[in-house]
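Read the structure below first, then the notes.
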Amino acid sequence: MEKRNYTVRKPAPRQSQADMVFGTQSVLETLRSGKEIERLFIQRELGLSEIEKLAKELGVPYQRVPVEKLNRVTRKNHQGVVAFVSPIQYMPLHNVLTQVYEEGKTPLLLLLDRITDVRNFGAIARTAECAGVQALIVPTKGGAQINADAMKTSSGALNFLPVCREPNLYETLLYLRNSGLQIIACTEKSDKSLYEIDFSIPTVIIMGSEEDGISKEFIQLADSGAKIPLSGHVESLNVSVASSIVLYEAVRQRVK
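Okay, here's the thing in structure tokens:
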């Protein structure tokens, strides 16, 4: 039988009105207020140079989008711009790492590479907080949006777990290596088992996208790969489940 390719259109993520700000003046004031902006959409056909300039200065991720997308997000008079206020306060990675070392603790950080599913992200955050991870590192662009669904799926863990949003994950990994952390890329392509890795030393663990895995340049930068042994017919685990297995192997090694 001939195979047919079907294009499945994914529904746009739902947003609550509580975390949405729209209209040029409202968005400008929100940017100036210092609130954390999770996402910013600017209508492609409009200038709105002041908003775009301020977003760049503040490091706020924004996208130029067609008006149709804005109309799907809200039916109200958005004036060509919609912003989503983050329910959390992002933390500077340098501050978090410095505090960990000052407290005499051994760093255990988790870096998420292109994990975009909000519920997976929330589940990972929940496990990370329970496992004592000191920081969750996410990209400024290309990661899951931290919204009400993420907060709910994390069961409140995102209120306690520091989240660091970084514009360049490659440079972030170099910084962590120079700060004394080993880089472990969790991938089924590794020849080394998870249980051969020493997690008792300062470590940053990379978990990658379910579709594409970890970016090639991150794997090349890693000190070691680590795979979870699988005995069944299915070749991979859900990323949140895999994260749980890896993190609790680290916990097992660190518990005295």
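Its first residue numbered 632, the sequence shown is counted upward by one per residue in the numbering used here.
Ideal placement from N, C-alpha and C gives every residue a C-beta, glycine not left out.
Just to confirm, is the Cβ distance from residue i to residue j under 9 Å?
| i | j | result |
| --- | --- | --- |
| R695 | I673 | yes |
| A853 | I837 | yes |
| Y693 | E683 | yes |
| F715 | V764 | no |
| L743 | G774 | yes |
| L741 | Y806 | no |
| I755 | S874 | yes |
| G839 | R745 | yes |
| I859 | I777 | no |
| S871 | I814 | no |
| L677 | R663 | no |
Using only the alpha-carbon positions, how far apart do residue i and residue j sit?
| i | j | result |
| --- | --- | --- |
| N726 | H864 | 44 Å |
| Q785 | E760 | Residue identity differs from the one stated: residue 785 is Ser in this sequence, not Gln. So the alpha carbons of these two residues sit roughly 9 Å apart. |
| S824 | N809 | 25 Å |
| A779 | D748 | 13 Å |
| E880 | F830 | 8 Å |
| E688 | M722 | 18 Å |
| S867 | E841 | 9 Å |
| T705 | G753 | 25 Å |
| V639 | V877 | Residue confidence for V639 is low, a pLDDT of 34 falling below 50, so the modelled location carries little weight and cannot support an answer. |
| E699 | R796 | 28 Å |
| L701 | P798 | 25 Å |
| T729 | F849 | 23 Å |
| E660 | V886 | 48 Å |
| S846 | A857 | 15 Å |
| R835 | G690 | The sequence as given places Val at residue 835; Arg does not occur at that position. Each residue's Cα considered, the two are about 24 Å apart. |
| E734 | G811 | 16 Å |
| Q656 | G665 | 15 Å |
| P697 | V713 | 12 Å |
| Y637 | R675 | With a pLDDT of 34 at Y637, under the threshold of 50, the predicted position of this residue should be treated as unreliable, though the coordinate-derived value follows. Spanning the two alpha carbons is a distance of roughly 28 Å. |
| T888 | D650 | No information on residue 888 is available, as it lies outside the stretch 632 to 887 that the chain covers here. |
Give me the DSSP bridge partner(s) of residue i.
| i | result |
| --- | --- |
| L921 | The question about residue 921 has no answer, for the chain in this structure spans 632 to 887. |
| G856 | A816 |
| M651 | F715 |
| Q674 | V696 |
| C795 | I768 |
| I668 | V716 |
| S824 | K858 |
| G844 | S840 |
Taking residue i as the reference, which of the options has the closest Cα?
| i | options | result |
| --- | --- | --- |
| R614 | L724, P793, T771, I859 | Outside the shown range of the chain, which is 632 to 887, sits residue 614, and nothing can be said about it. |
| S717 | S875, L789, F830 | L789 |
| V731 | L741, A766, K772, A762 | A766 |
| G711 | L671, L685, F830 | L671 |
| V769 | A762, T803, I814 | T803 |
| F791 | A762, I815, L812 | A762 |
| R883 | I828, A686, L728, D650 | I828 |
| T771 | S846, L800, I876 | L800 |
| N573 | T834, V658, Q851 | No answer is possible for residue 573: the residues shown for the chain start at 632 and end at 887. |
| D843 | V835, N869, Y826, T834 | N869 |
| N751 | A781, K736, R703 | A781 |
Determine, using beta-carbon pairs with one atom in the region 804-819 and one in the region 770-785, whether at least three such pairs fall under 8 Å. no
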